[in-house]
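The sequence shown begins at 38 in the numbering used here and counts up by one.
Even for Gly, the Cβ is constructed at its ideal location relative to N, Cα and C.
Notes follow the structure.
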Amino acid sequence: MTETAHGDASVEAAATDAQPRHPLRNRRFVAYWLAGIVSNIGTWLQSVTAGVVIYEVTGSALMVGVLGFANFVPVFLLALPGGYLADRYGPRAVIIVAHAVAFVIGVVLTVLACLGLANAAVLIATAALFGISYAIAKPALSSMVPALVPKDILPKATAVNTLQFTVGQIGGSLLSSAILVTAGAPWAFGVNCVSFLGPIAAMIVIGPIGRSAKQRRQDLEDSDGGALRLARRTPPMITLLLTVALANAAVEGLRTLSPAFVTLGLHIDVSHSGLLIASYSGGSLAGLLIFGGVYARIGGFRMLLCAFGLTAVGAVALGTTTLVTVAALGAGVIGIGFSFTIPVLNSTLLLLSPDEYRGRVMSLFAMAHLGVRPVWSLAAGAVTSALGPRWALGVLAIVSAVTLAGVLRLRDVTEHPPVGDAVS
């Protein structure tokens, strides 16, 4: 090695040592994280409120499933274009534009709700429009994390990042219940509008990151195919993405059947649906808070085994009880399982992804993580309508148990995750 090479290595090592060793000590990551909390509180406030309103209007769990389908199917259809835009123009520009559009959609829905015009068709249509803006922004949001923290703390950063979703679920679900009881749905929709301003402000604070626009264009021209071709020649990616898709069955199923379950299974008012989601979110929060310690002790592979086992146990407990406290505990156990799953899978996928492909690879992650949720939403709504919410929970337990077979194929890549960009 030449003297210059030694010098470059020393500079790089010094720069790495100078990096904060915890994500929340990084100013730009904190801005990104806090904006995510604000945005996700609004997302869950909107989701839970719309679900309650449409169930009250129609009395149909299937219609709640249709609402979820409308919200998430755009992710499956548009995540790949969103990833391309993130790689082409940079994630900041995509995030700002997408959230500005979502703000306008939220204002229109709030006005319609105030006028008494927010019927089932309006709620489903606006859910689809929110889904479109989110589908474009999601790959950009996910691809930013490796640019904000050192790669050797990426699993921890991913777990911390997932906290924003959990805090959003808890805050948004409880806020939905509180606003519905005290002020009504139009106020809930109005508060959601404000949440779209958080990511816009964060992108301004963070400033430019990563490659220049000219370099991004050159990288796209030089890349050997898109994310799908990369995934095909990187076999663990396919299994990772399938596992992500199956992990979401319990989450979306629980959200969809909650109004019917609290009414028919627990015999309490439908307005308390948010409390069940909050219990799930509380478990998820607990799991994320202990993620770092558990990951250091047992590694990613064993965490995945525990995660899907816990999800199956929680679904069985939830589906076999008539007690509110036991149901809350079951939902919490499902939350713990899910919180162990996504950070491991997400960080492993990020580390397998070359930088110039990262936006497009994260679009595949978005499709697996959120794009297939309409399938789970419709399936949970259909089974709940035909057989009842307890049978639907039983199906979710079976899906979680079956996923363990796929996890076995991820042993090598999760026990020994890559430490640098994958090679083409």
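Own chain partners of residue i with C-beta closer than 6 Å, once the 5 adjacent residues on each side are dropped
i: residue 384; result: 191, 192, 195
i: residue 351; result: 367, 370, 371
i: residue 315; result: 207, 210, 211
i: residue 378; result: 284, 344
i: residue 117; result: 400
i: residue 365; result: 316
i: residue 108; result: 164, 168
i: residue 422; result: 98, 99
i: residue 405; result: 278, 281, 282
i: residue 286; result: 413, 433, 436
i: residue 353; result: 434
Pairwise C-alpha distance: residue j and residue i
i: residue 151; j: residue 443; result: 48 Å
i: residue 140; j: residue 96; result: 29 Å
i: residue 155; j: residue 441; result: 42 Å
i: residue 305; j: residue 144; result: 32 Å
i: residue 178; j: residue 430; result: 31 Å
i: residue 398; j: residue 120; result: 7 Å
i: residue 333; j: residue 82; result: 34 Å
i: residue 182; j: residue 197; result: 11 Å
i: residue 447; j: residue 346; result: 16 Å
i: residue 213; j: residue 176; result: 27 Å
i: residue 363; j: residue 403; result: 32 Å
i: residue 90; j: residue 336; result: 43 Å
i: residue 80; j: residue 338; result: 31 Å
i: residue 288; j: residue 232; result: 22 Å
i: residue 321; j: residue 61; result: 19 Å
i: residue 101; j: residue 126; result: 36 Å
i: residue 78; j: residue 70; result: 12 Å
i: residue 439; j: residue 201; result: 29 Å
i: residue 217; j: residue 356; result: 27 Å
i: residue 433; j: residue 246; result: 40 Å
i: residue 46; j: residue 341; result: Because the pLDDT at residue 46 is just 39, under 50, the model does not fix this residue reliably, and the value given afterwards should be weighed accordingly. The straight-line gap from Cα to Cα measures roughly 35 Å.
i: residue 274; j: residue 391; result: 13 Å
i: residue 147; j: residue 153; result: 10 Å
Buried versus exposed, by CB contacts within 10 Å (16 or more), residue i
i: residue 142; result: buried
i: residue 270; result: exposed
i: residue 413; result: buried
i: residue 266; result: exposed
i: residue 349; result: buried
i: residue 94; result: exposed
i: residue 303; result: buried
i: residue 14; result: Since the first residue of the chain shown is 38 and the last is 461, residue 14 is not available in this structure.
i: residue 242; result: exposed
i: residue 393; result: buried
i: residue 373; result: buried
i: residue 293; result: buried
i: residue 220; result: exposed
i: residue 386; result: buried
i: residue 360; result: exposed
Residue j beta carbon less than 8 Å from that of residue i
i: residue 63; j: residue 204; result: no
i: residue 470; j: residue 295; result: Residue 470 lies beyond the stretch modelled for the chain, which goes from 38 to 461, so this question has no answer here.
i: residue 73; j: residue 112; result: no
i: residue 418; j: residue 98; result: yes
i: residue 426; j: residue 312; result: no
i: residue 184; j: residue 68; result: no
i: residue 86; j: residue 172; result: no
i: residue 395; j: residue 76; result: no
Same chain only: Cβ atoms within 7 Å of residue i, ignoring 5 sequence neighbours per side
i: residue 237; result: 133, 136, 137
i: residue 428; result: 420
i: residue 382; result: 277, 280, 281
Inset, instruction - Give, in chain order, every unbroken run of the alpha helix (DSSP H) that is at least 4 residues long and sits entirely within the stretch 380-412. - result: 395-403, all fully within the stretch 380-412.
Inset, instruction - Could you pull out every unbroken alpha helix (DSSP H) segment of at least 4 residues lying fully inside the stretch 53-140, listed in chain order? - result: Listed in chain order, the alpha helix (DSSP H) elements of length 4 or more contained wholly in the stretch 53-140 are 64-95, 98-126.
Inset, instruction - Please go through the stretch 139-214 and give each complete alpha helix (DSSP H) segment of 4 or more residues, from N-terminal end onward. - result: 157-180, 182-185
Inset, instruction - Ignoring anything shorter than 4 residues or poking outside the stretch 302-384, list the alpha helix (DSSP H) runs there in chain order. - result: 310-326, 328-356
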